[in-house]
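**Q** Quick one: structure below, then a few questions.
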Amino acid sequence: MRTDTMMQTILIIDDEVTNIAALNELLQSGYNILFAKDGPTGIKLATSTLRPDLILLDILMPEMDGYQVMHLLQCDEYTKNIPVIFITAKGDEEDEVRGFALGAVDYISKPFRPIVVKARIKSAMELKRHRDFLEWMLKERTKELQQMEKEYFNMFYRKA
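The sequence shown maps to residues 89 to 248 in the working numbering.
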C-alpha cells in the first residue's frame, strides 16, 4: 500500500505522441509518468515492477485497441485492480457503456480540458487510495483472526 508521501504513478497508453506530451506536461508535477505508444508495451509496463496506480488508455490504437488492452489487464491478477480511465475522441454512448462494462472507472474526452483531466484523475486516485486502505485493513484483520483462532485451538487442545 502506498502512503501519501509517495508519488503516485500514471501509465499513459496512447499511440499519439502529441497526446502523451500534453498529458505528461499536465500531470508531471504531481505524478510519476510512464508511457507506452501501443497496447503490448503498455501491458508490459503495467505488469512490471513499476506497477502504475492509474492507467490512461486510448481506445483507438493500431495493433491492439484500448478495449483489447483493457480486457487483458482485467484478466491478469496483477493488474486487474489498477483503475483505468479511457481517453478518446469518440463521444459515442455505446463506446462508453462498453468501456464501463470492461471495468473502466471513467472517460476523458479529447481535446483535453486540463481542469477536467486533473479532477477525474484526482477522483480516481482518491478512490484507489481508499480501496487499497480497505484491502490492507481486511488483510490485517484476517491475520488477527487467524492468530486468535490459532491461540484458541492451542488452548482447547491443551486442555483435552
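Even glycine gets a Cβ: it sits at the ideal position worked out from N, Cα and C.
Based on DSSP bridge pairs, tell me the residues matched to Phe123.
**A** Residue numbering aside, residue 123 sits at position 35 when the sequence shown is read from its first letter. Note: Phe123 sits in a beta bridge opposite Ile100.
**Q** At the level of alpha carbons, what is the spacing between Arg186 and Gln162?
**A** If you number the sequence shown from 1, residue 186 lands on position 98. If you number the sequence shown from 1, residue 162 lands on position 74. Answer to the nearest angstrom: the Cα atoms are 14 angstroms apart.
**Q** For Ala212 and Asp141, I'd like the C-alpha separation in whole angstroms.
**A** Sequence index remark: in the sequence shown, residue 212 carries index 124 (1-based). Sequence index remark: in the sequence shown, residue 141 carries index 53 (1-based). Roughly 10 angstroms between the two C-alpha positions.
**Q** Starting from the Cα of Pro199, find the closest Cα among Leu99, Ile98 and Glu104 and give me that residue.
**A** Numbered from its first residue, the sequence shown carries residue 199 at position 111. It is Glu104.
**Q** Secondary structure at Ser197, three-state DSSP: helix, strand or coil?
**A** As a working note, residue 197 is residue 109 in the sequence shown. Three-state result, Ser197: strand.
**Q** Taking buried to mean at least 16 other C-beta atoms within 10 Å of its own C-beta, is Gly179 buried or exposed?
**A** Residue mapping note: residue 179 aligns to position 91 of the sequence shown, counting from 1. Flag for Gly179 reads exposed.
**Q** Do the CB positions of Asp194 and Ile147 come within less than 9 angstroms of each other?
**A** Walking along the sequence shown from the start, residue 194 turns up at place 106. Walking along the sequence shown from the start, residue 147 turns up at place 59. No, these two residues do not count as a Cβ contact at 9 angstroms.
**Q** Enumerate, from N- to C-terminal direction, the unbroken beta strand (DSSP E) stretches of 3 or more residues contained entirely within the segment 168 to 221.
**A** 172 to 176 and 194 to 197
**Q** Within the same chain, show all residues whose beta-carbon is closer than 7 angstroms to that of Pro150, passing over the 5 residues directly before and after it, in chain order.
**A** One-based indexing of the sequence shown puts residue 150 at position 62. Cβ within range, chain order: Asp103.
**Q** Tell me where the alpha helix (DSSP H) around Leu111 begins and ends.
**A** Counting from 1 along the sequence shown, the entry for residue 111 is found at position 23. Here the alpha helix (DSSP H) through Leu111 covers Val105 to Leu115.
**Q** Excluding five sequence neighbours on each side, which residues of the same chain lie with their C-beta closer than 6 angstroms to the C-beta of Pro202?
**A** Counted from its first residue, the sequence shown places residue 202 at position 114. Only Leu114 meet the Cβ criterion.
**Q** Quick check on DSSP: helix, strand or coil for Leu145?
**A** For this step, residue 145 is matched to residue 57 along the sequence shown. Strand at Leu145.
**Q** Please report the straight-line C-alpha distance between Thr97 and Lys132, rounded to a whole angstrom.
**A** As a position in the sequence shown, residue 97 is number 9, starting the count at 1. As a position in the sequence shown, residue 132 is number 44, starting the count at 1. Between Thr97 and Lys132, the C-alpha separation is close to 15 angstroms.
**Q** Between the beta-carbon of Leu99 and the beta-carbon of Phe123, is there less than 9 angstroms?
**A** Position 11 of the sequence shown, counting from 1, holds the residue named residue 99. Position 35 of the sequence shown, counting from 1, holds the residue named residue 123. Yes. Within cutoff.
**Q** Could you tell me the boundaries of the alpha helix (DSSP H) in which Tyr155 lies?
**A** Sequence index remark: in the sequence shown, residue 155 carries index 67 (1-based). Counting along the chain, the alpha helix (DSSP H) containing Tyr155 begins and ends at Gly154 to Cys163.
**Q** Using CA coordinates, which residue listed in Thr106, Trp224 and Ala192 is at the minimum distance from Leu145?
**A** Your numbering for residue 145 matches position 57 in the sequence shown. The option with the nearest alpha carbon to Leu145 is Ala192.
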